[in-house]
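Student: Structure in structure tokens, see below.
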Amino acid sequence: MKKFSFWLSIFGLLVCLLNATGKDDKNLLLFFTSPHLMFMEEYNLVRQIDGILTIYIINIVGWFIIGLVIDLIIAAFKRR
1492 MKKFSFWLSI FGLLVCLLNA TGKDDKNLLL FFTSPHLMFM EEYNLVRQID
1542 GILTIYIINI VGWFIIGLVI DLIIAAFKRR
């Protein structure tokens, strides 16, 4: 529970749930809070993906990977 990978995955899940309930009807929160999705949108990769569920999975997994990288950096600094 003290890992960034856990909390950032929860954050990604909450953004997806908010989007799925219709509160984010133009997907602004989904894309503005997810740098990896903004990067994909810039190169029109999101338009080639079929289904919003795939975008949700990319969002949650992307935040997990970002959190994992942060956790690894913190672990490397603690070893010193």
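In this note's numbering, the protein residues as written are 1492 to 1571. Ideal Cβ positions, reconstructed from N, Cα and C, are used throughout, including at glycine.
Please classify G1513: is it buried, with 16 or more other beta-carbons within 10 angstroms of its beta-carbon, or exposed?
Tutor: exposed
Student: Taking only the alpha-carbon atoms, compute the straight-line gap between I1565 and G1558 and give it to the nearest angstrom.
Tutor: 11 angstroms
Student: Can you tell me the Cα-Cα spacing of A1511 and R1571, whole angstroms?
Tutor: 43 angstroms
Student: My understanding is that V1552 touches I1546, with C-beta atoms under 8 angstroms, so please give their C-beta distance in whole angstroms.
Tutor: No, V1552 and I1546 are not in contact; Cβ-Cβ is about 11 angstroms, not under 8 angstroms.
Student: In three-state terms, what does DSSP make of I1540?
Tutor: coil
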